[in-house]
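2 protein chains.
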Amino acid sequence: MATARRSSAKVRSIPARGYHHGDLRQALVSSGLALIEAEGAEALSVREVARRAGVSSAAPFRHFPSRVALMTAIAEEAMRRFHAEFVAAQEKAPKDDPLARFRAIGTAYLRWAFRNPTHFQILSDRTLFDFEGAAELRRQDDEIRTAMEAAVRAAIAKGQIHSDDVRLLHLAGRGLVYGLARMQVDGHMPRWGIAEHEAEKMAEAALDLLAAGLKRA
Amino acid sequence: MATARRSSAKVRSIPARGYHHGDLRQALVSSGLALIEAEGAEALSVREVARRAGVSSAAPFRHFPSRVALMTAIAEEAMRRFHAEFVAAQEKAPKDDPLARFRAIGTAYLRWAFRNPTHFQILSDRTLFDFEGAAELRRQDDEIRTAMEAAVRAAIAKGQIHSDDVRLLHLAGRGLVYGLARMQVDGHMPRWGIAEHEAEKMAEAALDLLAAGLKRA
DNA sequence: GCGTCTATGTAAGCAATGATTACATGCCCG
DNA sequence: CGGGCATGTAATCATTGCTTACATAGACGC
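Taken in sequence, the protein lines are chains A and B. Counting in numbering that gives the first Met the number 0, the first sequence runs from 0 upward without gaps. Counting in numbering that gives the first Met the number 0, the second sequence runs from 0 upward without gaps.
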């Protein structure tokens, strides 16, 4: 009954369930992400994830040496998605208007955070996983930071901004975007009785405000 | 030997240790805060706190119904300190220059967060404690938000700012300050090889940048 | 003083969790 | 077809949050 036998052929491609799970590692990451989405990061336990994947409580330790390692894999998955979307937004952004580009990058960051609060929360809270040990994640994170900084640099070179302190401008931009995103996921967004999706527009407007303030008069 | 007898008098004032602890509740909050300071919020366990206070593992439950309740008391203690410092800064701020006042409030917020990262982290992460159940904390939090909003409103009334959207301006200011503070405690501050205390000045400069951008030309 | 009542501590034990160890199973490759 | 390795299970441990039953010290009425 439960033993829906796979048909002798090379099982590798079929994610069927025998004694050996098709791809437990990925299954654990997926159900882990789903669990966090539903119950919060604190609620993620190795045993619960194993339960949802239908395996014994010791099985996950074949793929991850510790709970933190599992969380790290989940964070890397989240970063992979964020990075992909960021790259896509990056390509659609105007090539010849650095300030607009800076704004576009910030907006993409904000939109992603607002629409994937759980993913964003995992990524931003580095006490949840092993940041140092996640090389790929760090690389993608750096790439995003670098892109933002490049936009600022280009805007300065083009004389679009009335300041030439790259670090400071970058810090202000990133600080604002990061802050707005975290306010949202941390529940610090003032409730002005406006619809949820309005908060996102509001945040984007705040970013515009900064960009406008930087413009050369 | 261990029974250093208190001298008959009204013990109440003396924090001596008999079978009954002088003021266990406060002792738990204090050692809890110290523990978080040293090991991070995740590391706080009721048993460890009890151990450090020299009582049995069940004793804390006489004072707090749950671990979260203990964390909430710790958060309230942190907020009390923050609020006190905020009020002090508020009084020193210029009365007649709202924009400068707005800036002063933001700076005080930033300074506190940079110098008390643990306290700030506890307060900002509402998954750590019971925000809804902490009435006094909520009141003090509101008071700070209100003060910031009032400064913005006054700046608009005085024609110091080239915009009249109070909510938006407030959001931008709070978002930036909150973001810079969280970047610091979350370990997202770019390491530019500058000294630690320079980061604080940098953050303040970013705030100035926003304030300047808002100024009427 | 004295006895009792209550606040506050202890001891022991429960279920759940992260992690380890010894064992089982089945897929892959010679 | 048969050995070996990857991947699963079962059983177990220490630790944790929390509860229950019991102990004791202080406070208070008399």
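Where is the CB? At the ideal position from N, CA and C, for every residue including glycine. Being a predicted model, the structure only gives us computed values, none of them experimental.
Are the CB atoms of L32 (chain B) and I73 (chain B) nearer to each other than 8 Å? Contact flag set, yes.
Does P14 (chain A) come out as helix, strand or coil in the three-state DSSP assignment? In this prediction, P14 (chain A) has a pLDDT of 43, which is less than 50 and means its spatial position is unreliable; what the coordinates show is noted afterwards. For P14 (chain A), the three-state secondary structure derived from DSSP is coil.
Report the three-state DSSP secondary structure of K214 (chain B) (helix, strand or coil). The answer is strand: DSSP assigns K214 (chain B) an E or B state.
For the stretch 99-130 of chain A, list every residue whose C-beta sits within 8 Å of some C-beta in chain B, in sequence order. Listed in sequence order: S123, D124, R125, T126, F130.
8 Å Cβ cutoff, G178 (chain A) in contact with chain B: Chain B, which has a Cβ nearer than 8 Å to the Cβ of G178 (chain A), makes this yes.
Quick check on the burial criterion: 16 or more other C-beta atoms within 10 angstroms. Buried or exposed for G53 (chain B)? Label assigned to G53 (chain B): exposed.
Could you tell me the alpha carbon to alpha carbon distance between G192 (chain B) and Q183 (chain B), rounded to whole angstroms? Cα to Cα, the separation comes out at about 15 Å.
In terms of residues, what are the limits of the alpha helix (DSSP H) holding E94 (chain A)? Looking at the sequence shown, residue 94 (chain A) is not Glu but Lys. For K94 (chain A), no alpha helix (DSSP H) encloses it, and the DSSP letter there is neither H nor E.
Can you check whether the CB of A77 (chain B) is closer than 8 Å to the CB of L122 (chain B)? Their beta carbons are under 8 Å apart, which means L122 (chain B) touches A77 (chain B) by this criterion.
Beta-bridge pairing of I160 (chain B) - partner residues as DSSP gives them: Beta-bridge pairing by DSSP links I160 (chain B) to B:K214.
Count the CB pairs spanning the stretch 164-180 of chain A and the stretch 199-214 of chain A that are closer than 8 Å, and state whether there are at least three. Touching, yes, given that three or more Cβ pairs across the two stretches are closer than 8 Å.
Quick one: which residues of the stretch 38-52 of chain A get their C-beta closer than 7 Å to a C-beta of chain B? List them in chain order. Sequence-ordered contacts of the stretch 38-52 of chain A with chain B read G39, E41 [C-beta pairs closer than 7 Å].
Nearest-angstrom Cα distance between L179 (chain B) and L34 (chain A)? Looking at the two C-alpha atoms, the distance is approximately 30 Å.
Any C-beta of chain B sitting closer than 8 Å to the C-beta of L208 (chain A)? In terms of beta-carbon proximity, L208 (chain A) lines the interface with chain B, with at least one pair separated by less than 8 Å.
Quick one: using the 10 Å Cβ neighbour count with 16 as the cut-off for buried, is G132 (chain B) buried or exposed? It is exposed - the Cβ of G132 (chain B) has fewer than 16 other Cβ atoms within 10 Å.
Which value, in whole angstroms, describes the spacing of the CA atoms of A40 (chain A) and I155 (chain A)? Rounded to the nearest angstrom, the two C-alpha atoms are 41 Å apart.
Is the Cβ-Cβ distance between F85 (chain B) and I143 (chain B) less than 8 Å? With a cutoff of 8 Å on beta-carbon distance, F85 (chain B) and I143 (chain B) are scored as near each other.
E36 (chain A) - containing alpha helix (DSSP H), residue span: 23-38 is the extent of the alpha helix (DSSP H) around E36 (chain A).
Inter-residue spacing [alpha-carbon to alpha-carbon] between H82 (chain A) and T106 (chain A): Their backbone Cα atoms lie some 14 Å apart in a straight line.
Is the stretch 60-71 of chain A touching the stretch 147-164 of chain B in the sense that three or more CB pairs, one from each, lie closer than 8 Å? Contact fails: fewer than three Cβ-Cβ distances are below 8 Å.
Only counting the same chain, and skipping five residues up and downstream in sequence, which positions put a Cβ closer than 6 Å to that of E47 (chain A)? Around E47 (chain A): no qualifying Cβ.
So what does DSSP say about I155 (chain A), is it helix, strand or coil? Note: I155 (chain A) maps to helix in three-state DSSP.
Could you confirm whether any beta carbon from chain A is found closer than 8 Å to the beta carbon of D163 (chain B)? Answer no: the Cβ-Cβ gap between D163 (chain B) and chain A never drops below 8 Å.
Below 8 Å on the Cβ atoms is my contact criterion, and I expect E135 (chain B) with E75 (chain B) to pass it. Report the Cβ-Cβ distance as a whole number of Å. Rounded to the nearest angstrom, the Cβ distance from E135 (chain B) to E75 (chain B) is 6 Å, consistent with a contact under 8 Å.
Simplified DSSP state of G132 (chain A), which is helix, strand or coil: If DSSP states are grouped into helix, strand and coil, G132 (chain A) belongs with coil.
With distance defined between alpha-carbon atoms, name the residue in A:R125, A:R61, A:A88, A:R114 nearest to H196 (chain A). Answer by Cα proximity: A:R114.
Leaving out the 5 sequence neighbours to the left and right, which residues in its chain are closer than 6 Å to R165 (chain B) when beta-carbon positions are compared? The question names Arg, but residue 165 (chain B) is Val in the sequence shown. Here the set comprises V151, R152.
At which residues does the alpha helix (DSSP H) containing E41 (chain A) begin and terminate? Taken as a continuous stretch (DSSP letters only), E41 (chain A) belongs to no alpha helix (DSSP H), as it is neither H nor E.
Do L170 (chain A) and I160 (chain A) have their C-beta atoms within less than 8 Å of each other? No. Outside cutoff.
Beta-carbon proximity check, I104 (chain B) vs Q89 (chain B), cutoff 8 Å: Yes, the pair counts as a contact, with Cβ atoms nearer than the cut-off.
Which term fits A49 (chain B), buried or exposed, when burial requires 16 or more other beta carbons within 10 angstroms of its beta carbon? A residue is called buried when at least 16 other Cβ atoms come within 10 angstroms of its Cβ; A49 (chain B) meets this threshold and is buried.
Kindly indicate which residue of B:R66, B:G21, B:A194, B:S55 has the alpha-carbon position closest to the one of F128 (chain B). For F128 (chain B), the nearest C-alpha among the options comes from B:R66.
Going by beta-carbon coordinates alone, are D185 (chain A) and R125 (chain B) separated by less than 8 Å? By the CB criterion at 8 Å, D185 (chain A) and R125 (chain B) fall inside the cutoff.
According to DSSP, is A8 (chain B) helix, strand or coil? At A8 (chain B), the pLDDT of 33 sits below 50, so the modelled position is not reliable and the matter cannot be decided from this model.
To the nearest angstrom, how far is it from the Cα of L109 (chain B) to the Cα of P116 (chain A)? Taking the straight line joining both Cα atoms gives about 25 Å.
Within this structure, are the beta carbons of R51 (chain A) and S30 (chain A) separated by less than 8 Å? Result yes, Cβ atoms of R51 (chain A) and S30 (chain A) sit closer than 8 Å.
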